[in-house]
Amino acid sequence: MEWIYMTDVIATNYYRTFSRSHPVLARIKPDERVFTKTLDSGGQDLDGKHLSESGNPLTGPFYVEGAALGDSISVHLHKVKLNRDWGYTSIRLGLVSLTPELVENVYSSEYKHDLVRKGRADILPWDIDLKRNTVRPRKPESDTSSLEFTAQPMLGCIGVAPEGDFSPTSGPSGPYGGNIDYNQIAEGSTVHLPVYQEGALLYVGDGHALQADGEPLGTGIET
34 MEWIYMTDVI
44 ATNYYRTFSR
54 SHPVLARIKP
64 DERVFTKTLD
74 SGGQDLDGKH
84 LSESGNPLTG
94 PFYVEGAALG
104 DSISVHLHKV
114 KLNRDWGYTS
124 IRLGLVSLTP
134 ELVENVYSSE
144 YKHDLVRKGR
154 ADILPWDIDL
164 KRNTVRPRKP
174 ESDTSSLEFT
184 AQPMLGCIGV
194 APEGDFSPTS
204 GPSGPYGGNI
214 DYNQIAEGST
224 VHLPVYQEGA
234 LLYVGDGHAL
244 QADGEPLGTG
254 IET
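So that you can map any letter, position 13 of the sequence shown is 46 in this note's numbering, and since no number is skipped, the others follow by simple counting.
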């Protein structure tokens with residue numbers, strides 16, 4: 034997924050914590066537009082290469098010049114663009130959606146091994162039509178219905194380094210932002226974040242081609 038501004042900033046290292054301890058990826062000025070890319074939640078790039086461990090690897094941190102403790106920054110997403118023709122979801126409802134005993138008895142937690150990632154049988158591939166801006170499940174196939182949805186690209190993770198030495202992972206969310214998984218953090222939206230560290234130290238990641246109101250599967254369509 035691509036988060037588009039004007040200055041090209043492409044990361045070679047990715048992090049799984051919102052922390053002040055990571056080296057600054059780029060210094061940006063207020064109102065400066067930046068073009069960058071994110072990995073999917075499993076650490077794969079647009080070509081399917083693993084560039085990071087899984088767990089919502091983050092692009093950043095971006096040092097915002099002039100941002101000081103007690104300020105806030107406004108991050109406007111001018112463009113959020115899909116850059117590959119596939120994504121994936123979990124196979125079934127997450128244990129946070131229903132009580133475990135209900136989920137366990139509905140259907141299997143596994144489908145087929147290695148469909149998306151080597152050694153995994155609990156994630157399913159989706160096809161993304163970049164020209165038509167649609168998504169549809171590739172597996173399992175159905176003889177009775179054909180599912181297809183309009184893609185609505187968004188970012189699951191956006192946040193800044195929190196106060197002090199606190200370095201939360203990219204799994205939860207908090208006052209600093211984090212793994213918010215709100216499907217309105219998309220093209221045209223503006224996210225306001227408090228500043229706890231000099232330069233704010235902004236991170237983004239966890240792109241989705243489409244997500245419901247939350248993640249009942251524990252994922253969106255990760256891409």
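Where is the CB? At the ideal position from N, CA and C, for every residue including glycine.
The criterion of a C-beta distance shorter than 8 Å is not satisfied by Y215 and G192. Looking from the CA of V139, the closest CA among A242, G93 and I124 belongs to I124. Within the model, the alpha-carbon separation for G197 versus L58 is close to 20 Å. A100 is not bridged by DSSP to any residue. Going by C-alpha positions, Y229 is about 42 Å away from E143.
Membership of V136 in the alpha helix (DSSP H) is indicated by the continuous run P133 to V139. In this structure, the straight-line span from the alpha carbon of E220 to that of S203 is close to 21 Å.
If you draw a 10 Å sphere on the C-beta of H241, you find 16 or more other C-beta atoms in it, and that means buried.
Counting C-beta pairs with one atom in each stretch, the stretch 67–87 and the stretch 112–124 have three or more that are closer than 8 Å, which means they touch. Short of 7 Å from the beta carbon of D78, and not among the five residues preceding or following it, lie these beta carbons of its own chain, in chain order: L72 and L84. When T132, E137, T256 and G232 are compared, the shortest CA-CA separation from L243 is found for T256.
Taking C-beta atoms under 8 Å as the contact rule, L188 and D246 fail to qualify, at a distance of about 16 Å. When beta bridges are read from the DSSP output, R49 appears opposite no residue. The three-state secondary structure of H146, taken from DSSP, is coil.
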